[in-house]
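Here is the structure we will look at, set down as structure tokens.
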Amino acid sequence: GQNIDQPTEMTATEGAIVQINCTYQTSGFNGLFWYQQHAGEAPTFLSYNVLDGLEEKGRFSSFLSRSKGYSYLLLKELQMKDSASYLCAHLGNQGGKLIFGQGTELSVKP
Amino acid sequence: GAGVSQSPRYKVAKRGQDVALRCDPISGHVSLFWYQQALGQGPEFLTYFQNEAQLDKSGLPSDRFFAERPEGSVSTLKIQRTQQEDSAVYLCASSPSQESSYNEQFFGPGTRLTVL
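Now the structure itself:
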């Protein structure tokens, strides 16, 4: 199977740090993506991990452990505009289709 | 440059009607994907084109769903005899390469379909 799980919703305070976890099961791993999606808008690419470790990109970082089937997205210095749904996805076994989790709805409060 | 565009942005259909949803990918992008996103859920894969060839249609939920990309650019997703469970946002994405490895997908804003 190709299951992927992430929490449904999270709440955090402006200026704080939040970690959104994602676990996956797949028979063939080809990379792990994080996308951000504001309500009513298109998903936008945040990060891609194919090797173990941490990838840092400004306020956002993404971590991958292939042996554990685990990834997280770390958001630092949270801003109100970071309130959105964060989608974890991995590449399917055939072609380039993405297998998405249900998304984590993050609410940033003052 | 222009991103992926989709039309219409919103569509209301009566149960049983046929609908056609259009996707204009980024110019020159080889790969094109359609996803269905139900409220509060992540996108679910429907079908994939490489140029004009439909290489994977394993996600289409029934034979009422049909997609085409006749000239390898614009794509149309057609749903026949719509049913209430078809209500969702239909997302189109394109990517520049035909490689199956890492290949960032650029998403359009989606078409929100409501079937009454």
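In order, the protein sequence lines correspond to chains X and S.
Here the first sequence is numbered in the working numbering, starting from 375 and rising by one per residue.
Here the second sequence is numbered in the working numbering, starting from 18 and rising by one per residue.
Cβ coordinates follow ideal geometry from the N, Cα and C atoms, glycine included.
Residue i (DSSP reduced to helix, strand or coil)
i	result
residue 73 of chain S	strand
residue 453 of chain X	coil
residue 429 of chain X	strand
residue 415 of chain X	coil
residue 102 of chain S	helix
residue 22 of chain S	strand
residue 394 of chain X	strand
residue 133 of chain S	coil
residue 375 of chain X	Caution is warranted here: a pLDDT of 42 is assigned to residue 375 of chain X, below 50, making its placement in the model unreliable, and the coordinate value is therefore given only provisionally. Here residue 375 of chain X sits in coil by DSSP.
residue 121 of chain S	coil
residue 424 of chain X	coil
residue 41 of chain S	strand
residue 437 of chain X	strand
residue 382 of chain X	coil
residue 31 of chain S	coil
residue 128 of chain S	strand
residue 62 of chain S	strand
Residue from the options whose Cα sits closest to the Cα of residue i
i	options	result
residue 429 of chain X	X:443, X:448, X:391	X:448
residue 88 of chain S	S:69, S:96, S:40	S:69
residue 438 of chain X	X:394, X:389, X:483, X:386	X:394
residue 440 of chain X	X:387, X:397, X:382, X:388	X:397
residue 419 of chain X	X:425, X:426, X:436, X:427	X:436
residue 20 of chain S	S:133, S:128, S:124	S:124
Cross-strand partners of residue i (DSSP beta bridge)
i	result
residue 84 of chain S	S:94
residue 474 of chain X	X:463
residue 387 of chain X	X:483
residue 48 of chain S	S:67, S:112
residue 447 of chain X	X:394, X:436
residue 55 of chain S	In the DSSP output, where bridge partners are listed per residue, residue 55 of chain S has none listed.
residue 407 of chain X	X:422, X:463
Three-pair Cβ contact test at 8 Å for the region 405 to 413 of chain X versus the region 35 to 48 of chain S:
Contact fails: fewer than three Cβ-Cβ distances are below 8 Å.
Between the region 386 to 420 of chain X and chain B, which residues of the former have a C-beta closer than 9 Å to a C-beta of the latter?
Here the protein chains are X and S, and chain B is not one of them.
Please list the residues of the region 461 to 474 of chain X that have a C-beta atom closer than 9 Å to any C-beta atom in chain S, keeping them in chain order.
461, 462, 463, 465, 466, 468, 469, 470, 471, 472, 473, 474
If contact is defined by three or more beta carbon pairs under 8 Å, each pair taking one atom from either stretch, is the region 383 to 392 of chain X in contact with the region 409 to 423 of chain X?
no
Taking 8 Å as the cut-off, does the region 74 to 93 of chain S touch the region 59 to 66 of chain S (at least 3 CB pairs, one atom from each stretch)?
Short answer: they touch.
For the 8 Å Cβ check, are there 3 or more pairs between the region 42 to 62 of chain S and the region 103 to 117 of chain S?
yes
Listed in chain order, which residues of the region 72 to 100 of chain S have Cβ atoms closer than 7 Å to some Cβ of chain X?
From the region 72 to 100 of chain S, only 72, 73 have a Cβ closer than 7 Å to chain X.
If the cut-off is 8 Å on Cβ atoms, which residues from the region 32 to 50 of chain S count as contacting chain X, listed in chain order?
48, 50
Can you find at least 3 beta carbon pairs, one from the region 377 to 386 of chain X and one from the region 454 to 467 of chain X, that sit closer than 8 Å?
yes
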